[in-house]
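See below for the structure under consideration.
There are 2 protein chains.
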Amino acid sequence: MVREPLGEEAAVGLSRMFKALSDPIRLRLLSLIASYEGGEACVCDLTGPFDVSQPTISHHLKVLREAGLVGSERRGTWVYYWVIPQALAQLSALLQIPAAPAKAGA
Amino acid sequence: MVREPLGEEAAVGLSRMFKALSDPIRLRLLSLIASYEGGEACVCDLTGPFDVSQPTISHHLKVLREAGLVGSERRGTWVYYWVIPQALAQLSALLQIPAAPAKAGA
DNA sequence: CTTCTGTATCGACGAATGTCGAAACAGCAA
DNA sequence: TTGCTGTTTCGACATTCGTCGATACAGAAG
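Line order of the protein sequences matches chains A and B.
Sequence positions in the first sequence follow full-length UniProt numbering and run 1 to 106.
Sequence positions in the second sequence follow full-length UniProt numbering and run 1 to 106.
This is the structure in structure tokens:
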């Protein structure tokens, strides 16, 4: 982020992940999944805490999944979601700014 | 993010910042500003690298500013923008996930 | 088979977003 | 003053997004 100006392709990919985080419900969904024991949660646990309909939650989970932030698997009747740590780590590292800001010129 | 499920208010505030990062041009703008010497850049330096019009760049800068990710100041003829490190640090910390994921239950 | 529950997809709607050209504003220089 | 350059704001437009109800799909149980 700071060391060099971030190419166009990279920016497109990263912005897709950030876009997945740009909704309050998706942010809370991600946090809810991450905070569950074992790092995964059943969809049935994720619909209760929100004021929106079940299809809407399903839609948000799909957005998170297509952004590569979570994975999912059906086990019998229920579908489980888990966080993909590498994806979050990539974004976290990108936002890490040294205290003394700059280095490279234009 | 992992330790407890992230309240509704907090999620709204954080999602606003992530939304500002959800566009490739804004991501590159931020990176471009951060990578400039002194950590700040003139708008005149920021319009060249992009294929969009200058008003569009101005609009994206406004979005970044209103999200609290950058600050700006007019100095004579030119307007300068700089990154606000605390804002990025907050997001970066939120995305920091321990290697062994979970702890808290539902 | 049928039925029931959990989850995903579909189609539609209003609201928000990214983009542009045109116009307005800010500061400097004649 | 007038003019010039850098930047922002204003309308307008097509596209995308979040949401819903209705429907379809998946698996387990009668």
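Don't be surprised by glycine CBs; every beta carbon is placed ideally from N, CA and C.
Owing to the predicted nature of the structure, the values given are computational and were not obtained by experimental measurement.
Quick one: list the residues of chain A neighbouring residue i, beta-carbon separation under 7 Å, in chain order.
{"i": "LYS19(B)", "result": "SER22"}
{"i": "LEU46(B)", "result": "Residues of chain A passing the Cβ test: none, with the nearest at roughly 10 Å."}
Please work out which residues of its chain come closer than 6 Å, Cβ to Cβ, to residue i, disregarding the five sequence neighbours upstream and downstream, and give them in chain order.
{"i": "ILE33(B)", "result": "ALA41, TYR81, VAL83"}
{"i": "LEU6(A)", "result": "none"}
{"i": "VAL63(A)", "result": "ALA20"}
{"i": "ALA87(A)", "result": "GLY68, LEU69"}
Assign residue i to buried or exposed, taking buried as 16 or more other Cβ atoms, counted over all protein chains shown, within 10 Å of its Cβ.
{"i": "SER53(B)", "result": "exposed"}
{"i": "ARG26(A)", "result": "buried"}
{"i": "ALA102(A)", "result": "With a pLDDT of 47 at ALA102(A), under the threshold of 50, the predicted position of this residue should be treated as unreliable, though the coordinate-derived value follows. Buried: at least 16 other Cβ atoms inside 10 Å."}
{"i": "ALA104(A)", "result": "Below a pLDDT of 50, predicted positions are generally treated as unreliable, and ALA104(A), at 48, falls in that range; the measurement from the model is reported next regardless. That one is exposed."}
{"i": "ARG75(B)", "result": "exposed"}
{"i": "ILE97(B)", "result": "buried"}
{"i": "ASP51(A)", "result": "exposed"}
{"i": "PRO55(B)", "result": "exposed"}
Going by C-alpha distance, which of the options is nearest residue i?
{"i": "ALA67(B)", "options": "GLU4(B), ASP45(B), LEU91(B), GLY76(B)", "result": "LEU91(B)"}
{"i": "TYR36(B)", "options": "LEU88(A), GLU4(A), GLN96(A), ALA87(A)", "result": "GLU4(A)"}
{"i": "CYS44(A)", "options": "VAL79(A), VAL70(A), GLN86(A), GLN96(A)", "result": "VAL79(A)"}
{"i": "ALA20(A)", "options": "PRO98(A), ALA10(A), SER72(A), HIS59(A)", "result": "HIS59(A)"}
{"i": "VAL12(A)", "options": "LEU69(B), LEU88(B), PRO24(B), THR77(B)", "result": "PRO24(B)"}
{"i": "LEU69(A)", "options": "MET17(A), GLU9(A), PRO49(A)", "result": "MET17(A)"}
Find the residues of chain A that neighbour residue i, judging by a C-beta separation of less than 8 Å, and give them in chain order.
{"i": "ALA11(B)", "result": "PRO24, ILE25, LEU27, ARG28, SER31"}
Can you name, in chain order, every residue of its own chain whose Cβ lies under 8 Å from the Cβ of residue i, other than the five neighbours on each side?
{"i": "GLY39(B)", "result": "ILE33, TRP82, VAL83"}
{"i": "LEU46(B)", "result": "LEU29, LEU32, ILE33, ILE57, LEU61, TYR81"}
{"i": "GLU73(B)", "result": "VAL79, TYR80"}
{"i": "ARG65(B)", "result": "GLY71, SER72, TYR81"}
Could you name the residues of chain B that residue i contacts, counting a contact when the two beta carbons are closer than 7 Å?
{"i": "ARG65(A)", "result": "By Cβ distance, chain B contributes nothing, its closest Cβ being about 17 Å from ARG65(A), past 7 Å."}
{"i": "PRO5(A)", "result": "ARG28, SER31, LEU32, SER35"}
{"i": "LEU88(A)", "result": "LEU95, ILE97"}
{"i": "GLU73(A)", "result": "Simply none; closest approach about 16 Å."}
{"i": "GLN91(A)", "result": "For the sequence presented, residue 91(A) should be read as Leu rather than Gln. By Cβ distance, chain B contributes LEU95."}
Using a cut-off of 8 Å between C-beta atoms, extract the partners of residue i located in chain B.
{"i": "VAL2(A)", "result": "SER31, ALA34, SER35"}
{"i": "SER15(A)", "result": "LEU21, SER22, ASP23, PRO24, ARG26, LEU27"}
Excluding the five sequence neighbours on either side, which residues of its own chain have a C-beta within less than 7 Å of the C-beta of residue i, listed in chain order?
{"i": "LEU94(A)", "result": "MET1, LEU14"}
{"i": "GLY48(A)", "result": "none"}
DSSP puts residue i in a beta bridge; with which residues?
{"i": "TYR80(A)", "result": "CYS42(A), GLU73(A)"}
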